[in-house]
Each structure stands twice: as C-alpha cells, then as structure tokens.
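> Please find one structure pasted underneath; my questions will follow.
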Amino acid sequence: MAREESGPILQFAPFQSSVDEGFWHRLSSLKLNKFGIDDSPIPITGFYAPCSHSQVSNHLTLLAESLPSDSNEESSAETIARGNRNRCSVPGILYNSNTWESFLALDKHSLLKAEAEKIWDDIHTGKAVENCAALSRFLLISFADLKKWTFHYWFAFPALVLDPPATLVDLKPASQFFTLQEAESVSGACNEWRNSSATADVPFFLVSLSSDSRATVRHLKDWEICQGDGEKLLFAFYDPCHLPSHPGWPLRNFLALICSRWNLQRVQFLCYRENRGFADLGLSLVGEALITVPQEWRDRQFAPNAVGWELNKGRKLPRSINLAKSMDPTRLAISAA
Amino acid sequence: MVLSQKLHEAFKGTVERITGPRTVSAFKEKGVLSVSEFILAGDNLVSKCPTWSWESGEPSKRKSYLPAEKQYLITRNVPCLRRAASVEEEYEAAGGEILLDNEDNDGWLATHGKPKDKNDVEENLPSMESVEISKNKTVKAIPSYFGGDDEEDIPDMADYEEADNVIETDAATLQPTYLVANEPDDDNILRTRTYDVSITYDKYYQTPRVWLTGYDESRMLLQPELVLEDVSQDHAHKTVTIEDHPHLPGKHASVHPCRHGAVMKKIIDVLMSRGVEPEVDKYLFLFLKFVASVIPTIEYDYTMDFDLGSSSN
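Residue numbers (this note's numbering), protein chains in the order written: chain A, 17 to 353; chain B, 2 to 314.
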C-alpha cells in the first residue's frame, strides 16, 4: 500500500457529552411512573451545534426533551422537540440498567458494534444521505440509582474505522484556503443555510464553488448535480470541535459515507464553525484527506470495526452524578426550612 | 434558603397568581417590560445574536401568559475562562464599563474592583482572550458532584476501569491533551467552565431575570454554590441567589431582579438625556450589558454596541 503522498494520519477530536440536569429528572420520573423494571432500550435524541467559540468545543447535549414525554397526554411536544440552529437533533439509544451489576455486565463491545452497524446500513441503503444526522448516531448506557439520586452513565459515539486510516494532505483555516471573494460567498451561503429553519439543523452538506467564485450550499443528495462543470466541491459538516489542528468526530462517518457511496479517494472537506452564531472562516478549517477504500467495504455484509466509547478525564470509566441536592425530598425539606 | 427569602417567595407567588400580567408599557417610566415587550425584545435578541434561542422548558412549568414555544431564552455552552473571584483581585475590573453610580450605595452598579498600585495593575492586567490562567491561590480545584465526600456509598469507579480490550486503541482518535499533563485534579488544567445562561420573565418585578447553570471543564454540572466564583464578589450571596428555575428542574444561580427595573430606568434616563430615544426591542441588549457587570467573565453574546459614552455624573 505504498502511497507517494502519504501524509500524517488524519486524527479526529472525540465528541464530548454533556447532560443537562433536566434529562436525569425526566429519566427518574419515567423510570418510576412508566418503565418500571422494563429495561428495553429507549430511543433518545441528542443535540449539538457547530463550535461557536475559538476556545471551547461544542458538545452532544442531552436535555429533558431528549427523552419521551413523561406526561400521559401526548401534547404537541413533537414540534417543540424539533431542532433549531442551536440544537441539531441526533438519534441515539439509551440502555438503562436496573442494577449496578447489570450496568457493569453490559457488553459494551457488542452494543457499540450494533450501533455502528446501523450507521453502516444507513450508508449502504442511502438513508444516511437523506437523513444525515443519523451518521452521528450515539449510544448511552446508564444505571439510575434512584435511592441515592445517583446516575452512572457512559456515552459512545460510534465511528467506523477506516483501515488503513485516512491520511491528511492539507489542513488550514478556511480563510486561507478561499480567495477573498470565495470566502465572502461561502460565508453568505452558509449563513443562509443556518438561518433557514428548513436547513438549520442539517449538519452535513455540500459547498460547491463555481469558476466565478460563487458558492452554493446543497443537500448531500444533490451530489450528482454538482458533478462536472469544473466546480470545486467541498464536503462540509457542523464541526463541534474548536481545535485549529484537528477536525471533529462527525467527519469520521462522513468520510466513510463519502468513500463507500461515491467511491472518492481524495476528499476536500470543510469543518464549519461559527463565532457568535455566524460563519467564521478563520475558525473553520478546510482539509484534504486521502482515503484508501478497503476492498471489503464494497460488501454490505461486512461490518467494519468501530470505536467511540467516551473517556472520563482520560480514563476508561463511566461518569457519575449525584443529584440528591435537587431530588432528595428530605434534603429539599431541610434547605427549605 | 433564609426564612425571609422564603417568605418573600411565597408572597411573590401569591401576588403573581392573583394579578394579571402587565399589558400597558411602562418601559420608559419604570424600566419594566410588559409580557409582549419581553417577547418583542427576545425576538430581536434571537435574530441579532443567533446563539440565543427561545425554548419551551418543562411542560408542567409552562406559564400561560407566554407563548408555549417562547417561555424563556437560553444560550448554551458559553465559555468562562477565568474565575471572576480571582480576576477581581488582579485588576480593576471594568471600571470604564460601569455606566451609573448608585448614590444610595446599595450595591447595584458599584465598580467591583479596588484600584491597586498603578504599575501593579498594568503588569497584571490579564488578557480576556488568554487561556493561560495565572496561578492564583484563591482558585480551588474544581470539585464536581462526583465523589462528593458525603456520598460515601458511591462505588469507587477506579475499581471498574475497563481493560484495554474494551476500548480499542485507535490511531485516528486524537488523545485529549490532559492525558500528557498531570492528574485532572491538579492545578495545571485549564479552568474553562461553560455556562448555560437563560433569561426568564419575572412577572412580579416585570423585568427579565438571568439564570446561570455552570459546568466544569469536563462538562459535569457545577454545584450552584461554585457558580458564585464566577460572579462579581460584590454581588455573590447578595444579589445573586440560588433558587428554583421557573422552567427547568433543579437549583440554579440567579441575579435577583428586585433592582432591575430601577437600574434599567437609570440607563434609559441616561440614554434619553443624551438625546437617544430608547427602543423597547433593544431592552435585552442594554439589560445584558448591565448583567455583564455582575458576571464579567462569562462571555455570552450581546453583540449590538451602543454608544453610551463614559461614566455618567
């Protein structure tokens, strides 16, 4: 596999999780009032947005709305739970164990593999082109210790592993990649995409640049239309990562989609980032990656290896949070006295 | 919570229940907002500063006088790179930013730093852009909820550290930098906290009200008491209190709105005295600029700039 331009391995900054207190409150209420000891997996929704500050990455956030409603009357909650520009919905699944022992006994390897296979299937059926947020599908395992108001949990952001890994030809701030005229047009087109409620929460898209420096932002399904015409084409995604040196995690499965669906070996990508809610091409990155598509990837039955369990302060541990202060009725009574 | 605070909450709740929401504008006269003016100003904030959005919150806590999808405003993941408590010791905070001095001296807008020796100030003036945190003894390691000392029953997670075969080593995964640094609890780590800042409508005071939910650098929820480290020390424990959020579960730090109307009235008066006609849809920009004096290191967005000149009087 001798490649002449073999550059450094393209490394991705892992997704980070963040759970709002409201999520645990609603999970407790669902557990007590609805699920009981039923521990079958629950579909949940995570939210993320492009990085919007040069020093802080964005996260995959879980809110109360990530879970099904805990009230019995089905309200118009669905329309409200829909994403907006600051919260693009990502599908996820929650395995909530009944006991600490069963939490520990969960087969993390198989669970991750199962989610990765869903991504793989979506790539092969073309579903991932229509509903691209499914590329960032995630997994959460938890044990809600309701006697102590303690929640133990562990996130995974499954990523299909390219073997050999993609290599990086070039990576620089988008402002250095584009000409001034192009940059202006790209910013304008991206801002328009972000401001339209129809596209604001579509995290993967195409940016095509015509020879007269005009940029157009399109849906992934329009890839064929963008061929020919000598247009420059970039594969763009909402990048939660703030680092100037690395793209964020969502690019991994995006590259897997690009190389297996469109059979490309040289991919130009745009890590779309914002400042104060507007396109920031100084913070955004443009990169070029070389991919060697493994032969087995043509075979849908083949399931690529996957990684993605989140580390806890660099260690392979679940996280825990104790909410007795806001949930324990005795403590609440004392603090209210 | 102190008893007087509790009593006041009960009183306030009753008044809120039996009085209707404000419908007549008293923005210029009293510095307060009617419900529809709050929506107007909120819509303007969301359109000019898109990191803010309207949310509906807990369905059970929804206020009937506000539209279901516009219950409160929120901006998430706002960086707070330094502790206000430690910044204040280092430099004369935001002296030029303070618009109004309160003659009664009851605390709202007093500048929150004391001038030090000039050369000292010059040298130590920290750049707000800088991530580098100076080693300040007053900054404590950031405890999270995990492993709180009164929770002796939490199993020691270290016993469950997974063997290498569960999480594959992968050449394409960027390793977090603090792996090569010291232990996370060490003093060397980045003190970047992040905040979710929300604005609710307080029906009793007829003003917006700001709430803070803090997260430590590994995105674990901060206890509200620790949030006070990011509040100007003149306000911590006095005007910033820890209370139930009107739309979200849990206890959150909040800037108490009892003086908001009076302060906003003063700001509006200053504007008018300069011949600027204040527009009610810009209320939240003025309001957030003023709130920045209470939480100087939390970098939320209120981009719109106003020419308010230098300090009054």
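Just so it is clear, CB atoms sit at the ideal spot from N, CA and C, and this is done for glycine as well.
(1) Would you list, in chain order, the members of the segment 213 to 240 of chain B that have their beta-carbon closer than 8 angstroms to a beta-carbon of chain A?
(2) Any Cβ of chain A within less than 9 angstroms of the Cβ of B:His113?
(3) Is A:Cys67 helix, strand or coil by DSSP?
(4) Check distances from the C-beta atoms of the segment 35 to 59 of chain B to those of chain A and list, in chain order, the residues that come in under 7 angstroms.
(5) Which residue's Cα is closest to the Cα of B:Ser35: B:Asp282, B:Glu300 and B:Lys290?
(6) Determine, using beta carbons only, whether B:Gly251 comes closer than 9 angstroms to chain A.
(7) A:Lys341 CB to nearest chain B CB: under 9 angstroms?
(8) Hey, quick one: how far does the alpha helix (DSSP H) through B:Pro225 stretch, first residue to last?
(9) Measure from the C-beta of B:Ser65 to each C-beta in chain A and report whether the shortest distance is under 9 angstroms.
(10) Could you confirm whether any beta carbon from chain B is found closer than 9 angstroms to the beta carbon of A:Phe154?
(11) Can you give the Cα-Cα distance for B:Asp44 and B:Trp53, rounded to whole angstroms?
(12) Which residues of chain B have a Cβ atom closer than 7 angstroms to the Cβ of A:Arg292, listed in chain order?
(13) By the three-class DSSP mapping on this structure, what secondary structure does A:Gln284 have?
(14) Closer than 9 angstroms, CB to CB, is B:Pro80 near chain A or not?
(15) Taking the straight line between their C-alpha atoms, what separation do you get for A:Gln281 and A:Cys275?
(16) Got a sec: is the Cβ-Cβ distance from B:Ser61 to anything in chain A below 9 angstroms?
(17) Does the beta carbon of A:Arg101 come closer than 9 angstroms to any beta carbon on chain B?
(18) Using a Cβ distance threshold of 8 angstroms, determine whether the segment 214 to 227 of chain A contacts the segment 247 to 260 of chain A, with at least three qualifying pairs required.
(19) Compare the C-beta of A:Ile25 with all C-beta atoms of chain B and state if any pair is closer than 9 angstroms.
(20) State the DSSP-derived secondary structure class of B:Ser65, mapped to helix, strand or coil.
(21) Would you say B:Thr298 faces chain A, with C-beta separation under 9 angstroms as the test?
(22) Does the beta-carbon distance from B:Tyr196 to B:Tyr216 come in below 9 angstroms?
(23) Between A:Ile157 and A:Asn114, what straight-line distance do the alpha-carbon atoms span, to the nearest angstrom?
(24) Leaving out the 5 sequence neighbours to the left and right, which residues in its chain are closer than 7 angstroms to B:Ser131 when beta-carbon positions are compared?
(25) So A:Ile53 is in the beta strand (DSSP E); what residue range does that whole segment cover?
(26) For B:Ile200, is the classification buried or exposed, using 16 other Cβ atoms within 10 angstroms of its Cβ as the cut-off for buried?
(27) Classify A:Lys163 as helix, strand or coil using the three-state DSSP reduction.
(28) Using 10 angstroms around the beta-carbon of A:Glu208, count the other beta-carbons present and answer buried if the total reaches 16, otherwise exposed.
(29) For A:Leu273, name the three-state secondary structure that DSSP assigns.
(30) Quick check on the DSSP output: what are the complete beta strand (DSSP E) runs of length 3 or more inside the segment 283 to 331 of chain A, in order along the chain?
(31) Per the DSSP calculation, A:Ser172 is bridged to which residue(s)?
(32) Give the range of the alpha helix (DSSP H) segment to which A:Leu127 is assigned.
(33) With B:Leu74 as the anchor, note down where its beta strand (DSSP E) starts and where it stops.
(34) Nearest chain C C-beta to A:Phe251 closer than 9 angstroms, yes or no?
(35) Between B:Ser5 and the rest of its own chain, which residues show a CB-CB distance below 6 angstroms, the 5 nearest in sequence each way excluded?
(36) Specify the secondary structure class of B:Ala237 as computed by DSSP and reduced to three states.
Let me spell this out:
(1) Thr214, Tyr216, Ser219, Arg220, Met221, Leu222 and Gln224
(2) Start at 1 with the first residue of the second sequence, and residue 113 of chain B comes out as number 112. The predicted position of B:His113 is uncertain, since its pLDDT is 41 and thus under 50; no value can be drawn from it.
(3) In the first sequence, counting from the first residue as 1, residue 67 of chain A sits at position 51. In the structure shown, A:Cys67 sits in coil (DSSP, three-state: anything other than H, G, I, E or B).
(4) Cys50, Pro51, Thr52, Ser54, Ser57 and Glu59
(5) For the purposes of this step, residue 35 of chain B is identified with residue 34 of the second sequence, where counting begins at 1. Per the Cα distances, B:Asp282.
(6) Residue 251 of chain B sits at position 250 when you count from the first residue of the second sequence. With 9 angstroms as the cut-off, B:Gly251 counts as an interface residue toward chain A.
(7) On the first sequence, position 325 is the one that residue 341 of chain A refers to. Yes, A:Lys341 lies at the interface with chain B (some Cβ there is under 9 angstroms from its Cβ).
(8) Along the second sequence, read from residue 1 onward, the residue named residue 225 of chain B stands at position 224. B:Pro225 -> alpha helix (DSSP H) spans Pro225 to Val228.
(9) Indexing the second sequence from 1 puts residue 65 of chain B at position 64. Closer than 9 angstroms: no.
(10) Taking the first sequence and counting its residues from 1, one reaches residue 154 of chain A at position 138. Not closer than 9 angstroms to any Cβ of chain B, the Cβ of A:Phe154 fails to qualify, so no.
(11) On the second sequence, residue 44 of chain B is found 43 positions in, with the first residue counted as 1. On the second sequence, residue 53 of chain B is found 52 positions in, with the first residue counted as 1. Looking at the two C-alpha atoms, the distance is approximately 10 angstroms.
(12) Start at 1 with the first residue of the first sequence, and residue 292 of chain A comes out as number 276. The contacting residues are Cys50, Thr52, Asp302 and Thr304.
(13) Translated into positions along the first sequence, residue 284 of chain A becomes position 268. Three-state result, A:Gln284: strand.
(14) Within the second sequence, the letter at position 79 stands for residue 80 of chain B. Yes, contact with chain A.
(15) In the first sequence, the residue the question calls residue 281 of chain A occupies position 265. In the first sequence, the residue the question calls residue 275 of chain A occupies position 259. If you take the alpha carbons of A:Gln281 and A:Cys275, they lie about 6 angstroms apart.
(16) Taking the first residue of the second sequence as 1, we reach residue 61 of chain B at position 60. At least one chain A Cβ lies under 9 angstroms of B:Ser61.
(17) As a first step, residue 101 of chain A is located in the first sequence; it is residue number 85 there, counting from the start. So yes, A:Arg101 belongs to the interface.
(18) yes
(19) In the first sequence, residue 25 of chain A corresponds to position 9, counting from 1. Interface residue, yes.
(20) The count along the second sequence starts at 1 and reaches residue 65 of chain B at position 64. Coil.
(21) Numbered from its first residue, the second sequence carries residue 298 of chain B at position 297. No, its Cβ sits nowhere closer than 9 angstroms to a Cβ of chain A.
(22) The sequence position of residue 196 of chain B within the second sequence is 195, counting from 1. The sequence position of residue 216 of chain B within the second sequence is 215, counting from 1. The answer is yes: Cβ separation under 9 angstroms.
(23) Translated into the one-based positions of the first sequence, residue 157 of chain A becomes position 141. Translated into the one-based positions of the first sequence, residue 114 of chain A becomes position 98. Going from the Cα of A:Ile157 to the Cα of A:Asn114 covers about 11 angstroms.
(24) Mapped onto the second sequence, residue 131 of chain B falls at position 130. Because B:Ser131 sits at a pLDDT of 35, beneath the cut-off of 50, its placement in the model cannot be relied upon, and the point is left open.
(25) As a working mapping, residue 53 of chain A is identified with position 37 in the first sequence. From DSSP, A:Ile53 is part of no beta strand (DSSP E); its letter is neither H nor E.
(26) As a position in the second sequence, residue 200 of chain B is number 199, starting the count at 1. Answer is buried; the Cβ neighbour count reaches 16.
(27) Numbered from 1 along the first sequence, position 147 holds the residue referred to as residue 163 of chain A. A:Lys163 falls in the coil class under three-state DSSP.
(28) Position 192 of the first sequence holds residue 208 of chain A. Under this definition A:Glu208 is an exposed residue.
(29) Indexing the first sequence from 1 puts residue 273 of chain A at position 257. In this structure, A:Leu273 counts as helix in the three-state DSSP scheme.
(30) 301 to 306 and 322 to 325
(31) Counting from one through the first sequence, the residue named residue 172 of chain A turns up at place 156. It should be noted that the sequence gives Ala, not Ser, for residue 172 of chain A. A:Ala172 pairs with A:Leu155 and A:Trp325.
(32) As a working note, residue 127 of chain A is residue 111 in the first sequence. It spans Lys124 to Thr141 - the alpha helix (DSSP H) in which A:Leu127 sits, taken as one unbroken run.
(33) Translated into positions along the second sequence, residue 74 of chain B becomes position 73. Unbroken beta strand (DSSP E) run through B:Leu74: Tyr73 to Cys81.
(34) Among the chains of the structure shown, chain C does not appear; the protein chains present are A and B.
(35) In the second sequence, the residue the question calls residue 5 of chain B occupies position 4. Once the five neighbours on either side are set aside, B:Ser5 has no close Cβ partner at all.
(36) One-based indexing of the second sequence puts residue 237 of chain B at position 236. Residue state, collapsed to three classes: strand.
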